Amino acid sequence: MFESLKALPCLGLETPVVYIEKARDAEVSSCRLGGLRDFFNRMKMENGRLIPDFDLPFPITMRNIPVNKDSWRPYAEALKRRCAEFVKADRRA
Numbered sequence: 860m861f862e863s864l865k866a867l868p869c870l871g872l873e874t875p876v877v878y879i880e881k882a883r884d885a886e887v888s889s890c891r892l893g894g895l896r897d898f899f900n901r902m903k904m905e906n907g908r909l910i911p912d913f914d915l916p917f918p919i920t921m922r923n924i925p926v927n928k929d930s931w932r933p934y935a936e937a938l939k940r941r942c943a944e945f946v947k948a949d950r951r952a
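The number in our numbering is simply the position in the sequence shown, starting from 1, with 859 added.
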């Protein structure tokens with residue numbers, strides 16, 4: 860299982876990641892993670908069973924790995940632009 864802080868860098872490095880949350884922790888996770896949860900392929904642990912919220916290729920093997928969602932990419936690009944603009948502005952000052 861990956862915690863959200865470990866799962867986010869996986870997306871940025873394009874390492875396949877599945878975020879697993881306990882069903883009873885979903886409300887706490889949604890408050891803590893806000894919209895970040897939507898960036899991950901997620902599975903919920905409920906009564907000892909894993910329930911995916913995405914099209915899961917069973918079984919997961921080295922040749923059958925779920926592909927990460929791309930919904931995080933626009934946010935990453937916007938962050939890169941803002942950082943580059945900040946650095947340029949600092950150099951001019």
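Using N, Cα and C, we set each Cβ at its ideal position, and we do this for glycine too.
Bear in mind that the values here come from a model prediction, so they are computed numbers and not experimental data.
Hey, residue i and residue j: beta-carbon distance below 8 Å or not?
i    : j    : result
M902 : P911 : yes
P925 : P918 : no
Between residue i and the rest of its own chain, which residues show a CB-CB distance below 6 Å, the 5 nearest in sequence each way excluded?
i    : result
F913 : N900
L909 : M902
N923 : P916
In its own chain, which residues sit with a C-beta less than 7 Å from the C-beta of residue i, not counting the 5 before and 5 after it?
i    : result
L870 : V876, F898, N927, W931
F945 : none
M921 : none
Residue i bridges to which residues according to DSSP?
i    : result
T920 : N923
P911 : M902
Y878 : R901
Could you name the residues of the same chain whose beta carbon sits closer than 8 Å to that of residue i, not counting the 5 residues immediately before and after it, in chain order?
i    : result
E873 : N927
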